[in-house]
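J.: Would you mind keeping the following structure in view while I ask a few things?
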Amino acid sequence: LTKKKSAAWIFTTIAILLTLGRFYLHRQNTKRWRWDDYLNSLALLSLIGFTTTYHLFAPIVNSAQLYLQNRGGKLPTDQVVRVALKINAANNVFFFCTIYLVKASFLALYWQIFEVSRRFRCVWCGVTTYTVVSFLASFLSLFWQCGRPEHFLDGPWCNQGGTLLERKLLWMWCALHVFGDFLLMTIPLVMLSRMMMPTSQKIGVAVVFCLVLVTIALDVLRTVFMVAQKPERENWKELWTLLEPPISVAICALPCYGSLLVRTTKKGRLWEFVEGMSVSFGLSVDKSLGSLKRSVDAV
Numbered sequence: 001l002t003k004k005k006s007a008a009w010i011f012t013t014i015a016i017l018l019t020l021g022r023f024y025l026h027r028q029n030t031k032r033w034r035w036d037d038y039l040n041s042l043a044l045l046s047l048i049g050f051t052t053t054y055h056l057f058a059p060i061v062n063s064a065q066l067y068l069q070n071r072g073g074k075l076p077t078d079q080v081v082r083v084a085l086k087i088n089a090a091n092n093v094f095f096f097c098t099i100y101l102v103k104a105s106f107l108a109l110y111w112q113i114f115e116v117s118r119r120f121r122c123v124w125c126g127v128t129t130y131t132v133v134s135f136l137a138s139f140l141s142l143f144w145q146c147g148r149p150e151h152f153l154d155g156p157w158c159n160q161g162g163t164l165l166e167r168k169l170l171w172m173w174c175a176l177h178v179f180g181d182f183l184l185m186t187i188p189l190v191m192l193s194r195m196m197m198p199t200s201q202k203i204g205v206a207v208v209f210c211l212v213l214v215t216i217a218l219d220v221l222r223t224v225f226m227v228a229q230k231p232e233r234e235n236w237k238e239l240w241t242l243l244e245p246p247i248s249v250a251i252c253a254l255p256c257y258g259s260l261l262v263r264t265t266k267k268g269r270l271w272e273f274v275e276g277m278s279v280s281f282g283l284s285v286d287k288s289l290g291s292l293k294r295s296v297d298a299v
């Protein structure tokens, strides 16, 4: 348990430092913050709530498991169990809020960069709608994981009749999350392919966005281990669950650092990047170059 707690706070600290660095870079370069920054900060606050609530209920669960395995620990009272269930419910809410606030931050970032493209705006609206629907479906279904909302915090009832439904929900959450991440990763990669940038810069920026694959892998691993429900895999299940939110928040802050690959000088490559965007989207350079430059500078 101590190792898992340490891992949780180590990765949470990394996410905090990267997010603070993002705010510092944007403050230095543009003298202001944008919607993607604010959403990233909300995701960070939700992450802190997620990590904190885990540290509150995990010792209770761990003690009960040790007691049932005759390895020490103690059996929690009914009142302690009820409190632990409420904290665990809050932990689940923080989990989904963190994941989807990260998605929202990416969507806000994409809009600032690529809004000049009419085709992109249509795709963006579709992906945003899917993300909102996915979040609502995931969040609201939490209250049905034990069969009915009135049994949401009823531990014995969940253990008796909610296992099969809970497994179905786990797979549903995974499918919604993974497909949404693929969409978020595809948008910038497609737009990059149309830009007149040096290949090395394209590869550097693409690698940053492809880090979304890490969160996809973590979500799949978390789901597989949770569905299996094998005692020997309990530690791994908790580890994947603990790592996914902080790594997602850390990745959310990385495009700001990745943009340094493009912005190596105040002019030159940056101007080439902006002109490449204009030509790729078939825009009039005279009308759109100024807004494009501001968008790229804000990344």
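Here the sequence shown is numbered in full-length UniProt numbering, starting from 1 and rising by one per residue. Ideal Cβ positions, reconstructed from N, Cα and C, are used throughout, including at glycine. Just so you know, these numbers come straight off a predicted model, no measurement behind them.
From the DSSP output, in three-state form, read off MET226 for me.
T.: Here MET226 sits in helix by DSSP.
J.: Using the three-state DSSP reduction, which class does VAL116 fall into: helix, strand or coil?
T.: It is coil, neither helix nor strand.
J.: Nearest CA to the CA of SER141: which residue from THR128, THR131, VAL123 and LEU165?
T.: If we check each option's Cα against that of SER141, LEU165 comes out closest.
J.: Is DSSP giving PHE27 helix, strand or coil here?
T.: With the sequence shown as reference, residue 27 is identified as Arg, and Phe is not the correct amino acid for it. Here ARG27 sits in helix by DSSP.
J.: Closest to TYR100 by C-alpha separation, out of LEU254, ARG27, TYR257 and SER248, would be which residue?
T.: Comparing Cα positions, the closest option is SER248.
J.: Would PHE182 be called buried (16 or more neighbouring beta carbons within 10 Å of its own) or exposed?
T.: That one is exposed.
J.: Is it the case that the region 72-88 contacts the region 2-20, given that we only count it when at least three CB pairs across the two stretches are under 8 Å?
T.: No: the two stretches stay apart, fewer than three of their Cβ pairs being nearer than 8 Å.
J.: Based on Cα-Cα distance, which residue from ALA253, CYS256 and ASN235 lies nearest to VAL61?
T.: Closest by alpha carbon: ASN235.
J.: How big is the Cα-Cα spacing for ASN40 and ALA250?
T.: C-alpha separation (whole angstroms): 9 Å.
J.: Work out the CA separation of TRP124 and ARG118 for me, nearest whole Å.
T.: About 10 Å.
J.: Could you compute how far the alpha carbon of PHE114 sits from the alpha carbon of TYR38?
T.: In a straight line, the C-alpha of PHE114 is about 19 Å away from that of TYR38.
J.: Note down, in chain order, each residue of its chain lying with its Cβ closer than 8 Å to the Cβ of LEU23, except the 5 sequence neighbours on either side.
T.: According to the sequence provided, residue 23 is Phe. The question's Leu does not apply to it. Counting only Cβ-Cβ distances below 8 Å, and skipping sequence neighbours, we find TRP33, ASP37 and SER41.
J.: From ALA137 to GLY126, what does the alpha carbon distance come to, in whole angstroms?
T.: The alpha-carbon atoms of ALA137 and GLY126 are separated by roughly 16 Å.
J.: For a test of the three-state rule: what should DSSP assign to CYS146, helix, strand or coil?
T.: Three-state result, CYS146: coil.
J.: Out of LEU66, LEU85, ILE48 and ASN92, which has the shortest C-alpha to C-alpha gap to THR241?
T.: Closest by alpha carbon: ASN92.
J.: Determine the burial state of TYR257: buried for a count of at least 16 other Cβ atoms within 10 Å of its Cβ, exposed for fewer.
T.: So TYR257 counts as exposed.
J.: Counting C-beta neighbours from all protein chains within 10 Å, is the total for ALA228 16 or more, i.e. buried, or is it exposed?
T.: Counting Cβ neighbours within 10 Å, ALA228 comes out exposed, since fewer than 16 surround it.
J.: State the Cα-Cα distance for the pair LYS31 and ALA206, rounded to the nearest angstrom.
T.: Between LYS31 and ALA206, the C-alpha separation is close to 26 Å.
J.: How would you label PRO149, buried or exposed, when you count the other beta carbons within 10 angstroms and need 16 or more for buried?
T.: Exposed, by the Cβ-count rule.
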